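**Student:** Chains as they are written, first to last, in my numbering: chain A, 1 to 388; chain B, 1001 to 1388. Quick one: the structure is below, and I'll ask about it shortly.
Number of protein chains: 2
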Amino acid sequence: MMIKQQNAFSHCKFEVPEIIFGRGLLSQVGSCARRLGGKKIFLVSDQGLFKAGWVDQVMQSLLDSGLRFAYYDQVTPNPKDWEVEQGAKEYIRHEADVIVGLGGGSAMDAAKGIAILASNGGRIRDFEGSNNINRPLPPLVLCPTTCGTGSDVSQFAVINDTQRRCKLTIMSRCVAPDISLTDPNTLQTLPGEYIGTTATDALSHAMEAFLSVAASSLTDVNAIRALRLISKSMEKAVKEHSPEDLENLARASLHAGMAFSNSLLGIVHALAHPIGGLYDANHGSVNAVLLQEVLSYDLPAVEDKLPELAFGMGYRTGGDTTSAAEMVQESLNRLLDASGAPRSLRSLGVAEEDLPALAKQAKQDICILTSPRQAEEDDLLAILKRAY
Amino acid sequence: MMIKQQNAFSHCKFEVPEIIFGRGLLSQVGSCARRLGGKKIFLVSDQGLFKAGWVDQVMQSLLDSGLRFAYYDQVTPNPKDWEVEQGAKEYIRHEADVIVGLGGGSAMDAAKGIAILASNGGRIRDFEGSNNINRPLPPLVLCPTTCGTGSDVSQFAVINDTQRRCKLTIMSRCVAPDISLTDPNTLQTLPGEYIGTTATDALSHAMEAFLSVAASSLTDVNAIRALRLISKSMEKAVKEHSPEDLENLARASLHAGMAFSNSLLGIVHALAHPIGGLYDANHGSVNAVLLQEVLSYDLPAVEDKLPELAFGMGYRTGGDTTSAAEMVQESLNRLLDASGAPRSLRSLGVAEEDLPALAKQAKQDICILTSPRQAEEDDLLAILKRAY
């Protein structure tokens, strides 16, 4: 087919931080921070996690390791430039030396932004794009507490530029933390509606990473494992909050993060970034709305990958691409239903007249570069309209 | 069953170096060494690779990046303590600052040993065991040129103690290199007999890592991918040396290395270390001889893992463990036949009267700790006798 796009990357690279995973391991944050040379730790989290008691656990762990700390919780969903800039001032004022981020993508991306400014100075928008960070960051430990994001292993930080009302994406190997530490116990206090939406973020990371033109065998194994875990546990985790299924989703988030950090993403995220910037909408929900339409758009360019994708989503095929495509679509639909996430842009409060501007911004997003099927502004607008 | 051993590790960690993989990428060694702060590079390789022209390519890449270098090729299979100690003296005499190891497990483990002594001083045997290295090593880039080993990603170095006539295993996160760079083109000059034997090393890494009690979802995905690649390409790579199949084996070695470095190994390697130490035998060949007998011993303790293992080895099962066991054994037998590796300890020149001493040493080897089925000296001796 004419629209089939060849894999443009015959070479691959794979880089992930040190990973620690297990129930109860939040008690190890102190020894991790100490091992990285910390004496005074800058702990970044949010008020929800404080109320749930997890911030206390981390503070106790820091004290147990003989460390002092300063606590910063001025972080909101879709973290804002000024929150990060304020945090960096606090970091410097407290003369801290290691940063610990505890939370979902917002708290962790804020921690990354603070780390960038702490050693590089300037405004966060100065670092937008690929490889624009010159000075090494302070050591960073990130502890995810949702079923999505992957920020704890990724080379990305996404911060809201409140002046331009858009998300700015910072990509650099130095924004990957030194240590990613997941304690799946933290998911037990995650409000129900966030289980499905953050797992949908991990689902879109895994699907886009697998279909990316920069995918490799190193990223594929992680993307497929993430899909299998999500397929197995999404429904039960959302309905019953069982520890096993929540742990599977935490594991899926980690695998999906390892995949997309190295193979990058595609149209779902290229579109989700401007939408999140303009509307302060929940990132997982935006992905949920876009995922099926983007998959339909990508299908003709990814036929050879569909049998493995279908396998990842819990089906067995004999390699017939038509049926694999149907299986993938059906399975995706089932997972999105189970997630409880919204299913239309309209329901997220997006205004129809904004769609052309969103398509225009998405065309400039770094994530568009690795889409398996090329997309012009018109194509992106058509996807948005179908998802509306 | 009574002999079923529970997975003792509910927590997991996963740590791999930066990985770069692709044909022709040996030309990037210079920029990697430069990025690590190098000005004068200590290049460790062997005479076979020099003759094949790969050492020249690396030298050219270093020069192209404006780097000076010293070259050290006093490395033999099963690298010896004195080779490493001599290399460290040369490193210091040349005032080098980054080490590049190019070769199979021997050249890479020698490079690791030199790095340990360069910054820590002493004799290599002082560092035997787990976490006995105190000072950080010089930056290290490792470039594998065989289908096995995994030393380029692992936290292990294995050096022959020529006085005690045994292999000493050094395990520490700091012996993992900074960068693992694989150029699968280098396999095209690998002598035919080494394709099968080094791929058998990767095969045993993948199988032991998957069955290890310290295995996790992070290591499993890599172990299974390694097995699939080996199952697909072993026979053709050995017979036809086709670039695609050789590349698959290089990729398998990488995946298997990522797996075993984090989940550790089992009885095959616990036995292979003393045999390699006493007889200077080819490591892949020793594994080939032991693998089937150790699998038979392990089977009753790993029943629940067999369906996935059989899948990794190219079969589909309905989850019935008896048939999965048969499939795994049959598939392993086919792969070992295809590898062309020897199939008995006797044919490797091992003396029957040495078996009790070898079993005794194996019981002390660090690899025995993660075996899925406990083994006493008697059990190890029985395995050796069956493999004789």
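Note that the Cβ used here is the ideal one computed from N, Cα and C, for glycine as well. Just so you know, these numbers come straight off a predicted model, no measurement behind them.
Since A/M59 is in the alpha helix (DSSP H), which residue starts that stretch and which ends it?
**Tutor:** W54 to D64
**Student:** Specify the secondary structure class of A/R225 as computed by DSSP and reduced to three states.
**Tutor:** Reduced to three states, the DSSP call for A/R225 is helix.
**Student:** When DSSP builds the beta bridges, which residues end up paired with A/D379?
**Tutor:** Answer by DSSP bridge pairing: none, since A/D379 is not bridged.
**Student:** Tell me, which residues are paired with B/P1144 by DSSP?
**Tutor:** B/G1103
**Student:** Quick one: which residues of the region 1210 to 1224 of chain B get their C-beta closer than 9 Å to a C-beta of chain A? List them in chain order.
**Tutor:** In summary, the residues of the region 1210 to 1224 of chain B whose CB is separated from some CB of chain A by less than 9 Å are S1216, S1217, L1218, D1220, V1221, N1222 and I1224, in the order they occur in the chain.
**Student:** Taking only runs of the alpha helix (DSSP H) that begin and end inside the region 256 to 299 of chain A, which ones reach a length of at least 4 residues, in chain order?
**Tutor:** Listed in chain order, they are 267 to 279 and 283 to 298.
**Student:** For B/Q1005 and B/E1377, I'd like the C-alpha separation in whole angstroms.
**Tutor:** With a pLDDT of only 46 at B/Q1005, under the threshold of 50, the placement of this residue in the model should not be trusted, and no figure is reported.
**Student:** Please list, in chain order, the chain A residues whose beta carbon lies closer than 9 Å to that of B/L1025.
**Tutor:** H11
**Student:** Beta-carbon within less than 8 Å of B/E1015's beta-carbon, same chain only, minus the 5 sequence neighbours each way: which residues are those?
**Tutor:** Q1155, R1173, A1176, S1261 and N1262
**Student:** Consider the Cβ of A/R251: report whether some Cβ of chain B lies at a distance smaller than 8 Å.
**Tutor:** yes
**Student:** By Cβ distance below 7 Å, which residues in the same chain neighbour B/M1002 in space, the five residues on each side in sequence not counted?
**Tutor:** In this prediction, B/M1002 has a pLDDT of 42, which is less than 50 and means its spatial position is unreliable; what the coordinates show is noted afterwards. Counting only Cβ-Cβ distances below 7 Å, and skipping sequence neighbours, we find nothing.
**Student:** Quick check on the burial criterion: 16 or more other C-beta atoms within 10 angstroms. Buried or exposed for B/R1225?
**Tutor:** buried
**Student:** Output the boundary residues of the beta strand (DSSP E) element that contains A/I170.
**Tutor:** C166 to M171
**Student:** Anyone know if the C-beta pair for B/G1101 and B/C1143 falls short of 8 Å?
**Tutor:** yes
**Student:** Rounding to the nearest angstrom, what Cα-Cα distance links B/A1237 and A/L264 in this structure?
**Tutor:** 32 Å
**Student:** Would you check if the distance between the CB atom of B/N1287 and the CB atom of B/N1160 is smaller than 8 Å?
**Tutor:** no
**Student:** With three or more C-beta pairs closer than 8 Å as the rule, is the region 229 to 246 of chain A touching the region 186 to 198 of chain A?
**Tutor:** yes
**Student:** Given that a residue counts as buried once 16 or more other Cβ atoms are within 10 Å of its Cβ, and exposed if not, what is A/P191?
**Tutor:** exposed
**Student:** Since I believe B/D1183 is in contact with B/L1026 (beta carbons under 8 Å), could you give me their beta-carbon distance rounded to a whole number of angstroms?
**Tutor:** Contact flag correct, Cβ pair sits at about 4 Å.
**Student:** With burial defined as no fewer than 16 other Cβ atoms inside 10 Å of the residue's Cβ, what is the status of A/K305: buried or exposed?
**Tutor:** Result: buried.
**Student:** Does B/T1162 come out as helix, strand or coil in the three-state DSSP assignment?
**Tutor:** coil
**Student:** Quick one: using the 10 Å Cβ neighbour count with 16 as the cut-off for buried, is A/A357 buried or exposed?
**Tutor:** exposed
**Student:** Buried or exposed for B/L1336, going by 16 or more other Cβ atoms inside 10 Å?
**Tutor:** buried
**Student:** Is B/K1013 near the ligand ADP, in the sense that its beta carbon is under 7 Å from a heavy atom of that ligand?
**Tutor:** Judged by which ligands are present, the structure shown has none, so any question about the ligand ADP falls away.
**Student:** Under 6 Å Cβ to Cβ from B/F1311, same chain only, skipping five residues before and after it: list those, please.
**Tutor:** If we look at B/F1311 and ignore the five residues flanking it on each side, it has no Cβ neighbours.
**Student:** Looking at the C-beta of A/V16, does it have a partner C-beta in chain B at a distance below 8 Å?
**Tutor:** yes
**Student:** Give the interface partners of B/I1116 over in chain A, defined as CB-CB distance under 8 Å, in chain order.
**Tutor:** Those within 8 Å of B/I1116 in chain A number zero; the least Cβ separation is about 20 Å.
**Student:** Could you check whether B/S1231 and B/M1327 sit closer than 8 Å to each other, using their CB atoms as the reference points?
**Tutor:** no
**Student:** Using DSSP with H/G/I as helix, E/B as strand and the rest coil, what is B/G1129?
**Tutor:** Reduced to three states, the DSSP call for B/G1129 is strand.
**Student:** Could you work out which residues of chain B lie near A/I99, taking near to mean beta carbons separated by less than 9 Å?
**Tutor:** Near A/I99 there are no residues of chain B at all, since even the closest Cβ is about 20 Å away, more than 9 Å.
**Student:** If you follow the alpha helix (DSSP H) that A/I124 is in, where does it begin and where does it stop?
**Tutor:** Here A/I124 belongs to no alpha helix (DSSP H), and DSSP marks it neither H nor E.
**Student:** Can you list, in chain order, the residues of its chain whose CB lies under 7 Å from that of A/I275, leaving out five sequence neighbours each side?
**Tutor:** Correct list, in chain order: A281, V286, V350 and L358.
**Student:** Measure how close the beta-carbons of B/S1151 and B/R1135 come, nearest whole angstrom, since I'm counting them as under 8 Å.
**Tutor:** In fact, because the Cβ distance is near 21 Å, the residues do not count as touching under 8 Å.
**Student:** I'd like to know whether the C-beta of B/I1041 is nearer than 8 Å to at least one C-beta of chain A.
**Tutor:** no
**Student:** Closest Cβ-Cβ distance between B/T1370 and chain A: below 8 Å?
**Tutor:** no
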